[in-house]
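A short write-up of the structure that comes next.
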Amino acid sequence: MHSITAMIATLSEIDKKKFLSVLKQKNKRNDTKNRELFLLLDGAESTKNIDVKLYGRPEKGAYHALSKRLSDALVDFIATKNFEGQASEDLETMKYLLAGRVFFEHQQVKLGFKMLAKAERKAKKFYLYSILNEIYYTQISNAHLDPVIDVQTIISAFKENKALIHKEENLNLFYASIQEELTKSHERASDVIQRNLEQFQISIGDQLTYNSLYRIVKICNRVAHATRDYFAIYEFVETACREIEGYDLVKDRHLNAHIQILYYLANFNFRIKKFTTAKSYLEEMNKAMQLQDRRYYKVFFPQYLLLKNLGFIYTNELQEAIESLDNCNFDFYSKEPGFWLDLKLTQVVALFLHSDFKAAFHLYKGFYRSDVWYAKKNGHLWVIQKNLLELMLLVELDYMDLLESRLQSFRKKHKEHIEKHGATRVLDFVKLISIVYFKTIDVTTEGFQKEMTKLLKIKPKEEDVFVIGFYAWIQSKVRDTSLYPTFLEVLEEL
9 MHSITAMIAT LSEIDKKKFL SVLKQKNKRN DTKNRELFLL LDGAESTKNI
59 DVKLYGRPEK GAYHALSKRL SDALVDFIAT KNFEGQASED LETMKYLLAG
109 RVFFEHQQVK LGFKMLAKAE RKAKKFYLYS ILNEIYYTQI SNAHLDPVID
159 VQTIISAFKE NKALIHKEEN LNLFYASIQE ELTKSHERAS DVIQRNLEQF
209 QISIGDQLTY NSLYRIVKIC NRVAHATRDY FAIYEFVETA CREIEGYDLV
259 KDRHLNAHIQ ILYYLANFNF RIKKFTTAKS YLEEMNKAMQ LQDRRYYKVF
309 FPQYLLLKNL GFIYTNELQE AIESLDNCNF DFYSKEPGFW LDLKLTQVVA
359 LFLHSDFKAA FHLYKGFYRS DVWYAKKNGH LWVIQKNLLE LMLLVELDYM
409 DLLESRLQSF RKKHKEHIEK HGATRVLDFV KLISIVYFKT IDVTTEGFQK
459 EMTKLLKIKP KEEDVFVIGF YAWIQSKVRD TSLYPTFLEV LEEL
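For what it's worth, the working numbering labels the leading residue of the sequence shown as 9, then goes sequentially.
Okay, structure coming up:
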C-alpha cells in the first residue's frame with residue numbers, strides 16, 4: 009500500500025480534487041468506496057486496519073481488490089495529466105506535420121507548406137529534433153511541387169538538424185561513460201569530464217537542449233558531492249548555467265528540471281562559500297516551486313529547507329536555523345530517509361555550534377540504527393560525518409570512556425574505506441581529536457598549529473565549507489575560544 013500513498017503524495021491539492029471528481033464520474037454505483045479509500049490514505053502514516061475503517065469489519069480480500077483498482081486509476085490519472093502537460097508541444101507540432109502531409113496528398117501544396125512551416129517553428133522552439141527531422145524530410149520530398157521552394161536551403165537545415173541529433177546521441181554516451189569512470193577511477197573529476205567532452209565532441213555553448221544541460225549539471229553535482237571537490241568542477245558548471253539562463257521559453261515545459269537546476273546552482277555556490285549567490289538561487293527555486301498549482305512543492309521542499317538552514321548556519325544566523333529546524337515536522341519526511349537524515353543531522357550541528365552540547369547529543373542519540381543501515385540510505389560519507397560529530401560531542405561532554413571506545417570503533421569500521429578512497433586526512437582529524445582531548449601534545453604552540461594545518465591539508469580558497477566546520481572546531485579547542493564565533497572567523501579567513 010506504500011506505493012499508493014507515495015503516488016498520492018505527488019499530487020497537489022488541486023490535482024487531488026480533480027482525481028476525486030474523476031472517480032465520482034466513473035463510479036456507476038453509489039456504494040463504491042474508492043473515494044473513501046483515497047481520503048483515508050491521503051497523508052496516512054500507517055495502513056494498518058484500513059479495511060476495518062473502510063468496511064466496519066475485516067475485509068482483506070475486498071480491500072486489496074479495491075486498492076488495486078484505485079492504484080490503476082491513480083496511474084492512469086497521473087500519466088494522462090503529465091502527458092497533457094508535457095507533451096502538448098510535441099502533439100501540436102505533430103498535428104501540423106500530419107496535417108501538412110494530408111494536404112500534400114490532396115494536392116493542396118501551399119497549405120501543406122504552410123502547415124510544415126508552423127510545425128518547423130514549434131519544433132525549433134522546443135528542441136524537438138526528431139520531429140524536426142521528419143518535417144525537413146517531408147519538405148524535401150515535396151519541394152518539387154512548388155518552384156518558390158529552395159530545396160538546397162532545406163537540405164542544409166536538414167543536415168544541421170542531423171548534426172544536432174548526433175550530438176544528443178553523443179551526450180547519452182557521454183553520460184554513461186562519465187558515470188562508469190567516476191565509480192571506478194580516483195582521477196580528478198574535472199579531468200574525467202573534460203576528457204569525455206573532448207572524446208564525444210561536446211561543447212557546452214553549442215546549442216544543447218535544456219534537458220541535456222540539466223543532465224550535465226546533475227552529473228557534476230553528483231561528482232562534486234562524492235569527491236567534495238566543488239571548486240574543481242565549478243567553472244564547468246558555471247559555463248553550463250550561463251547557457252541555461254537563456255532558456256526562459258521552456259521553463260514551464262521542464263519545470264521539474266528547472267527547479268532541480270536552481271537547487272544545484274544554490275548548492276554549488278553554497279559549497280564554495282558564495283552564500284549571497286546561493287541565497288538568490290534558493291529564492292528563485294522557491295518561486296518556481298509555487299508554479300503550476302505548487303505541483304512540485306512537496307517534492308523539492310525538503311531540499312530547499314535543508315539548504316536554507318545550512319545558509320543560516322554559515323551566515324551568522326544560527327538562531328534562525330535552530331528555530332526553523334525546531335519547528336520542522338520531521339515525521340513528514342520520514343518516508344524519504346535521505347531528506348530526514350540530512351535535516352536531523354543539520355539540527356544536531358546547529359545545536360553543537362550553539363554550544364548546547366547536551367541537547368545536541370540527546371538529538372544525536374535518535375540515530376539509533378546501525379551504520380550499515382545509514383550507509384545504504386545516505387551513503388558511507390554521511391555515516392563518517394555523523395560519527396565524527398559524535399566524537400566531537402563526546403569530547404565536549406567529557407565522556408572519556410565512551411570516547412575511547414568510539415575512537416577505536418571508528419578506526420576499525422572506516423579506516424579501510426577511507427584509505428581506499430584517498431581521504432586520509434579524515435584519519436588525521438581523528439588523530440587530532442585524540443591529541444586535543446588527551447593532551448598528549450602541547451597544542452598551544454605555533455609549531456603544532458602549523459603542523460595541524462599541514463596535516464589536514466587545508467586549501468584556503470578551495471576548501472569545502474563542511475570541511476571548514478571540522479577545522480574550526482579544532483581551532484576553537486587549540487585557541488580555547490567559543491565555538492561559533494571561531495567557526496565564523498575561520499570561515500572568513502578561508
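Using N, Cα and C, we set each Cβ at its ideal position, and we do this for glycine too.
| query | result |
| --- | --- |
| Rounded straight-line distance, which links the Cα of Leu-399 to that of Tyr-407 | 10 Å |
| Rounded C-alpha distance that separates Lys-170 from Gln-300 | 34 Å |
| Assumed close pair Ile-210, Tyr-242 - CB separation to whole angstroms, cut-off 8 Å | So it is not a contact: roughly 19 Å between Cβ atoms. |
| Beta-carbon proximity check, Leu-361 vs Gly-477, cutoff 9 Å | yes |
| Minimum C-alpha distance to Lys-287 - residue among Tyr-305, Tyr-322, Arg-303 and Lys-306 | Tyr-322 |
| Nearest-angstrom beta carbon gap, Ala-127 and Thr-104 [assumed within contact, 8 Å] | As written in the sequence, residue 104 is Tyr, which differs from the Thr given in the question. Right, their Cβ atoms sit about 4 Å apart. |
| Cα-Cα separation, Ser-138 to Ile-162 | 16 Å |
| The segment 436-453 touching the segment 403-423, judged by at least three CB pairs closer than 8 Å | yes |
| Rounded Cβ spacing between Leu-78 and Leu-45 (contact assumed at less than 8 Å) | 6 Å |
| Check whether Arg-377 and Asn-395 have beta carbons under 9 Å apart | no |
| Assigned exposure category for His-370 - 16 Cβ within 10 Å defines buried | exposed |
| Arg-302 beta carbon less than 9 Å from that of Ser-484 | no |
| For Ser-20, the first and last residue of its enclosing alpha helix (DSSP H) | Taken as a continuous stretch (DSSP letters only), Ser-20 belongs to no alpha helix (DSSP H), as it is neither H nor E. |
| Per-residue burial, Ala-480 [other beta carbons within 10 Å of its own, 16 or more giving buried] | buried |
| CB contact flag (Val-245, Phe-283, <9 Å) | no |
| Cβ pair Ile-1, Leu-62 closer than 9 Å | Residue 1 lies beyond the range of the chain shown here (9 to 502); nothing can be said about it. |
| The ligand ADP heavy atom lying under 8 Å from the CB of Val-357 | Ligands displayed in this structure: none; no statement on the ligand ADP is therefore possible. |
| CB of Cys-336 within 9 Å of CB of Gln-355, strictly | yes |
| Straight-line Cα distance separating Phe-121 from Leu-257 | Legend: pLDDT at Leu-257 = 43, less than 50; position of this residue unreliable, value from coordinates given subsequently. Taking the straight line from one Cα to the other gives about 25 Å. |
| Leu-315 and Leu-333 closer than 9 Å at C-beta | no |
| Where Pro-66 sits in the DSSP three-state scheme | coil |
| CB contact flag (Tyr-183, Arg-230, <9 Å) | no |
| For Pro-310, the first and last residue of its enclosing alpha helix (DSSP H) | 305-322 |
| Residue range of the alpha helix (DSSP H) that includes Ala-265 | 263-279 |
| Asp-98 to Ser-185 span [Cα, whole Å] | 30 Å |
| Sequence-distant residues of its chain with Cβ nearer than 8 Å to Asn-514 (five each side left out) | With the chain covering 9 to 502 only, the question about residue 514 has no answer from this structure. |
| Anticipated Cβ contact below 8 Å, Gln-187 with Ile-227, distance rounded | 7 Å |
| Contact under 9 Å by Cβ, Asn-317 with Leu-359 | no |
| Coarse secondary structure for Arg-302, derived from DSSP in three states | helix |
| Beta-carbon separation (whole angstroms), Gln-147 vs Leu-124, contact threshold 8 Å | 6 Å |
| Assumed close pair Asn-219, Ala-265 - CB separation to whole angstroms, cut-off 8 Å | 6 Å |
| Rounded separation between Asp-409 and Leu-349 - CA only | 27 Å |
| Cβ-based burial, Ile-426 [other Cβ within 10 Å; buried from 16] | buried |
| Residues near Thr-494 in its chain [Cβ-Cβ closer than 7 Å; skip 5 each side] | Ala-480, Gln-483, Ser-484 and Arg-487 |
| Every unbroken alpha helix (DSSP H) inside the segment 375-438 [4 residues or more] | 379-386, 388-405 and 408-428 |
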